[in-house]
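Novice: Residue numbers (the working numbering): 65 to 554.
I am attaching a structure below and will ask some questions about it afterwards.
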């Protein structure tokens, strides 16, 4: 066996036996903050607790820094536990992307003398979530240690839903005098333990802090995590229309900056308008879903309003809304001008191509700042405003309208919304008027029904997403490429 660290300090078993022990060690990270778990004697080294689209279950998971070194480990260590030699260790783990060379996870059981025994190892080949169940046979006082590491790239590891077959032996809540660790130097709290550098003193080690010299900022959280997503809309709601899903095509990505407490400092939202397959002058906006968010601490800049039918407060949020609502633009043609021929822009083969437009919004949060989970960026509620008629909104299926929507359109023509049942913006056969893809979407040519371009779309939509959840990918039998818009080569 190899040493975890030298010069260990061992507290006598008699002292440990005097501790009032807890029933079972369970860690799901739903406290949302690393400091809360450090106070319970969990040890973090180049790891943190973060939410967002990569959380394995619930709102939060443990996330590592970038796994770019074979020697610098990203570590989580449990409090000291008493194990009785029976039961299984359970946990879930994954990586967000396979980027760089090898990416690895090793799990050790560590005794009071600093010895560690390998009980699990994994080499990552994909981003699958692995649900692990390992028998634990030693009896006595131990810690469990997870080490993530790798070579090159920006890959991060994630850990969640830990269940340990033991009882706490070192946890301040057990009246153990706050004495958490037998092993000095792995406190993970930043600011000097074990030589850990924390230049800005925010409690986040420099090798994990993406703003190491800024105490107000610590982490970047991206949504989607691996690049841009795409929103695509039909604008003849409540009629089904030509159903080509190119009336407005927007690529989007959010970069959320949080501080050491996982509170949101600012959000940078990039919107790329790629296509307008319509003659209507449509607007676009979105809403954050939490009504409890204090709108007085939020300011928005970067929007593009030209038509004088949107009312904003001095902070840039739309007036008359119970939830924070941002209108990015009120006329898509002001962002992506019509080229002079064709029905719309960038939807008809052979017509002039217009370079996509990029709009950048900045959303600032003042103190007291909300937690990332409270803002809930991954569940943002995007919508189309049809032809400058403010009350006529088109949302994703089962996403509610804003306070300014005209509810009289529900149930009209092809729409089968039933607000009392939480059903919105779907036909009787579950077909939507808007789609959200967490990667770049290849949209149909003008007047081509999406079911004749993406051949698995109908099965996906009518099954409420059960069948062919990857319908938009370029897989054998999934597409008729002749019906999908291709950007001209020149």
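Don't be surprised by glycine CBs; every beta carbon is placed ideally from N, CA and C.
(1) For the stretch 161-170 against the stretch 179-188, are there 3 or more C-beta pairs whose distance is under 8 Å?
(2) Measure the CB-CB distance between residue 344 and residue 394 and report whether it falls below 8 Å.
(3) Could you give the first and the last residue of the continuous alpha helix (DSSP H) run that contains residue 399?
(4) According to DSSP, what are the bridge partners of residue 315?
(5) Is residue 310 closer than 8 Å to residue 489 when the C-beta atoms are compared?
(6) Residue 210: buried (16+ other C-beta within 10 angstroms of its C-beta) or exposed?
(7) Taking residue 540 as the reference, which of 129, 122, 519, 421 has the closest Cα?
(8) State whether the stretch 147-160 contacts the stretch 469-489, with contact taken as three or more CB pairs (one from each stretch) at a distance under 8 Å.
(9) Take residue 388 as the anchor and find which of 403, 361, 410, 404 has the nearest alpha-carbon.
(10) Please look up how many angstroms separate the CB atoms of residue 191 and residue 162, rounded, as I've assumed it's under 8 Å.
(11) Taking three-plus beta-carbon pairs below 8 Å as touching, is the stretch 121-136 in contact with the stretch 287-306?
(12) Rounded to whole angstroms, what is the Cα-Cα separation between residue 255 and residue 372?
(13) Name the DSSP bridge partner or partners of residue 601?
(14) Can you give me the Cβ contacts of residue 66 inside the same chain, cut-off strictly under 6 Å, excluding the 5 residues immediately before and after it?
(15) With a threshold of 8 Å on Cβ separation, who are the neighbours of residue 558 within its own chain once the five nearest residues in sequence on each side are excluded?
(16) Here's the rule I'm using: 16 or more other beta-carbon atoms within 10 Å means buried, otherwise exposed. How should residue 465 be labelled?
(17) Are the CB atoms of residue 165 and residue 205 within a distance shorter than 8 Å?
(18) Look up residue 328 in the DSSP assignment and give the residues it is bridged to.
(19) Kindly indicate which three-state DSSP category residue 127 falls into: helix, strand or coil?
(20) Can you tell me whether residue 214 is helix, strand or coil according to DSSP?
(21) Tell me where the beta strand (DSSP E) around residue 89 begins and ends.
(22) Could you have a look at residue 418 and say whether DSSP puts it in helix, strand or coil?
(23) If the criterion is Cβ atoms closer than 8 Å, does the pair residue 289 and residue 160 meet it?
(24) Here's the rule: buried if 16 or more other CB atoms are within 10 angstroms of the residue's CB, otherwise exposed. What is residue 106?
(25) Please identify the residue among 406, 359, 404, 396 whose C-alpha is closest to the C-alpha of residue 383.
(26) Under the assumption that residue 426 contacts residue 366 (Cβ atoms under 8 Å), give the Cβ distance between them as a whole number of angstroms.
(27) Quick one: is residue 250 buried, meaning 16 or more other Cβ sit within 10 Å of its Cβ, or exposed?
(28) Assess, as a yes-or-no matter, whether the stretch 432-439 is touched by the stretch 334-348 under the definition of 3 or more beta carbon pairs within less than 8 Å.
(29) Quick one: what does DSSP say residue 543 is sitting in, helix, strand or coil?
(30) For residue 374 and residue 523, what's the separation of their Cα atoms in angstroms?
(31) What's the C-alpha gap between residue 420 and residue 314?
(32) Under the DSSP definition of a beta bridge, which residues are partnered with residue 508?
(33) CA-CA distance, residue 445 and residue 225?
(34) In its own chain, which residues sit with a C-beta less than 7 Å from the C-beta of residue 270, not counting the 5 before and 5 after it?
(35) Within 10 angstroms of its Cβ, does residue 220 collect 16 or more other Cβ (buried), or is it exposed?
(36) Which term fits residue 125, buried or exposed, when burial requires 16 or more other beta carbons within 10 angstroms of its beta carbon?
Specialist: Once the coordinates are examined:
(1) yes
(2) no
(3) 396-399
(4) 294, 336
(5) no
(6) Its Cβ being crowded by 16 or more others within 10 Å, residue 210 is buried.
(7) 519
(8) Touching, no.
(9) 361 is the residue among 403, 361, 410, 404 whose C-alpha sits nearest the C-alpha of residue 388.
(10) Yes, residue 191 and residue 162 are in contact; Cβ-Cβ is about 7 Å, under 8 Å.
(11) no
(12) The predicted position of residue 255 is uncertain, since its pLDDT is 34 and thus under 50; no value can be drawn from it.
(13) No statement about residue 601 is possible, as the shown extent of the chain runs from 65 to 554 and does not include it.
(14) In this prediction, residue 66 scores a pLDDT of 31, lower than 50, which makes its location untrustworthy; the coordinate-derived value is nonetheless stated afterwards. No residues qualify anywhere along the chain.
(15) The displayed coordinates of the chain run from 65 to 554. Any statement about residue 558 would go beyond what the structure contains.
(16) buried
(17) no
(18) 322
(19) strand
(20) strand
(21) 89-91
(22) Shown here, residue 418 sits in coil according to DSSP, grouped into three states, outside any helix or strand.
(23) Taking a C-beta distance under 8 Å as the contact criterion, residue 289 and residue 160 qualify as a contact pair.
(24) The residue is buried, with at least 16 neighbouring Cβ atoms inside 10 Å.
(25) 359
(26) 5 Å
(27) Low per-residue confidence applies at residue 250: pLDDT is 34, beneath 50, and the placement is therefore not dependable enough to give any value.
(28) no
(29) In this structure, residue 543 counts as strand in the three-state DSSP scheme.
(30) 38 Å
(31) Each residue's alpha carbon lies about 9 Å from the other.
(32) 548
(33) So the alpha carbons of these two residues sit roughly 28 Å apart.
(34) So the list reads 261, 262, 263, 276, once near-sequence residues are dropped.
(35) Residue 220 comes out buried.
(36) Flag for residue 125 reads buried.
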